[in-house]
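J.: Before I ask anything, here is the structure I am working with.
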Amino acid sequence: MELTPRTSEAPKRRRRRRLPTYLALVALVVIGGFLVVQALGSASTFYRNVDEAVAEKDSLGTKRFRLQGTVAPCTIERTGEGVAFAVTFNGVEIPVHHVGDPPEMFKENEAVLLEGHFAENGSTTFDSNLMIVKHSEVYKANEADRLNQAVEGGNVPVVDAPACTR
Amino acid sequence: MTTQLDAATEGLDSTGSRATRVLGVLAIFGLAALALFGLVLSPPDASQGEVVRILYVHVPSATFAYIGCFLTTIGSAMFLWRGSSWWELVAYASAEIATVFTAIVLVTGMIWGRPTWGVYWVWDARLTSTSMLLLLLLGYLAVRRLPADHDVRTKRAAIIGLLLVPNVIIVRQSVQWWRTLHQKPTLLANGVGAKIEGLMLFSLFVGFIAIGLVFAWLLIHRFRLAWLEDQLDDAGLDAAIAERRAEGDVS
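If you want it as structure tokens, here you go:
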């Protein structure tokens, strides 16, 4: 009858790998802590909407922050160093001077995140040098396809894209 | 040692069985259907264009990463509560698969982010909490393998396993609780199909089935492998005990 208590496996194999594993664990905890701090620090004010930023413009001054708004239609102009346009949110619209190439998906009526600051104290002109396009959660087929369908089938009404009237 | 191992794994010459072979073939067909619908039949998106096609892999991978985490937490709880080693193995196997799927989510998300957002990565709440989930899963796997007594390391890992579902809830709700660059839910907002139309929705559905089959196939094989590893450990222990006894007999 087998009565030997089963305690552990051969201990030789264990000791060798212990240090690297503990180091890996410590590294994981440190990286995890860093991520938590990052998350808590930046999640709540990840960006300010245009109306909020304008309301806070005195306290913001020329401090750097992230601005969120929709690119106002018919305001996009190419400039020598990038692009100028207006962003709007909740009825407040401000001009933006962006330095650098905008992302491919940058176009009017698209929400964007801009990193930068107000041009000067009290000003509502926003100077940005990092633009991120914030796509929506709505997915629909390409409108060009619908136009083709309409041409082919003749039974889907084609609505003309509204012309730029401003 | 060989005899004991043979006894333990009798009748098991691979982790495959008729059921998993059928499942594997179905998964291959599912992936082929996903490629067909995702790359050919579904339309480009009105604002994102062709890039939208990565959606059909990104979203189902995230869903099954969540499901893997749920299984690990349930398994860990059943192990801690009832001492069920079957559930412990389910937890271990599904944590490994969930790790792979979470990594796929992060990689496909970054590939998608560059052309749509213009950047690969931002530290917003969704992306940050997802990387925390990946680290927690890696932590679970590290602790599960940390050299220690089998009972000790399974218990430690199970305690980490309990944290996975709370983290999944944070990931899932992050786009509602905080301002994020990542979009809000498409599928479960205002009823299925309110924010994604026709063939795109169907392609996503094909994605769920295909990725789900792959997940199930991987999970079953990984579970069987984990079970065999346990048997091997036991057999090794038996052999070691027998050897020590033999030494004792000689002297």
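Each protein sequence line maps, in turn, to chains A and B.
Heads up, my numbering is the position in the first sequence plus 1, with the first residue counted as 1.
Heads up, my numbering is the position in the second sequence plus 920, with the first residue counted as 1.
Every residue, glycine too, gets a C-beta built ideally from N, C-alpha and C.
Where do the N-terminal and C-terminal ends of the beta strand (DSSP E) with residue 83(A) fall, by residue?
T.: 83-90
J.: Within 10 angstroms of the Cβ of residue 1161(B), are there 16 or more other Cβ atoms? Answer buried if so, exposed if not.
T.: It is exposed - the Cβ of residue 1161(B) has fewer than 16 other Cβ atoms within 10 Å.
J.: Please confirm if residue 22(A) has its CB atom under 8 angstroms from at least one CB of chain B.
T.: yes
J.: If the criterion is Cβ atoms closer than 8 angstroms, does the pair residue 1127(B) and residue 963(B) meet it?
T.: no
J.: Which of helix, strand or coil does DSSP assign to residue 140(A)?
T.: Strand, per DSSP.
J.: Checking contacts by CB at 8 angstroms: is residue 77(A) closer than that to chain B?
T.: no
J.: When DSSP labels each residue in this structure, what does residue 132(A) get in the three-state scheme?
T.: strand
J.: Tell whether a beta-carbon distance below 8 angstroms holds between residue 1(A) and residue 83(A).
T.: Any answer about residue 1(A) is impossible in this case: the structure gives chain A only from 2 up to 167.
J.: Mind listing the chain B neighbours of residue 139(A)? Cutoff is C-beta to C-beta under 8 angstroms, in chain order.
T.: Neighbourhood of residue 139(A) in chain B, by CB distance below 8 angstroms: 1106, 1115 and 1116, in chain order.
J.: Keeping to the same chain, check which residues put their C-beta closer than 6 angstroms to that of residue 158(A); ignore five residues upstream and five downstream.
T.: The predicted model places residue 158(A) with a pLDDT of 45, which falls under 50 and marks its position as unreliable, so this point remains unresolved.
J.: Leaving aside the five residues before and after residue 1091(B) along the sequence, list all residues of the same chain whose C-beta is less than 6 angstroms from its C-beta, in chain order.
T.: 1049, 1050 and 1053
J.: From the DSSP output, read off the bridge partner residues of residue 78(A).
T.: 85(A)
J.: Name the DSSP bridge partner or partners of residue 965(B)?
T.: 142(A) and 969(B).
J.: Compute the distance between the beta-carbons of residue 140(A) and residue 970(B), then report whether it is under 8 angstroms.
T.: no
J.: Could you pull out every unbroken alpha helix (DSSP H) segment of at least 4 residues lying fully inside the segment 1031-1077 of chain B, listed in chain order?
T.: 1045-1065
J.: Identify each residue in the segment 1018-1043 of chain B for which the Cβ-Cβ distance to at least one residue of chain A is less than 8 angstroms, and report them in chain order.
T.: 1035, 1036, 1037, 1038, 1039, 1042 and 1043
J.: Determine, using beta carbons only, whether residue 1044(B) and residue 1101(B) come nearer to each other than 8 angstroms.
T.: yes
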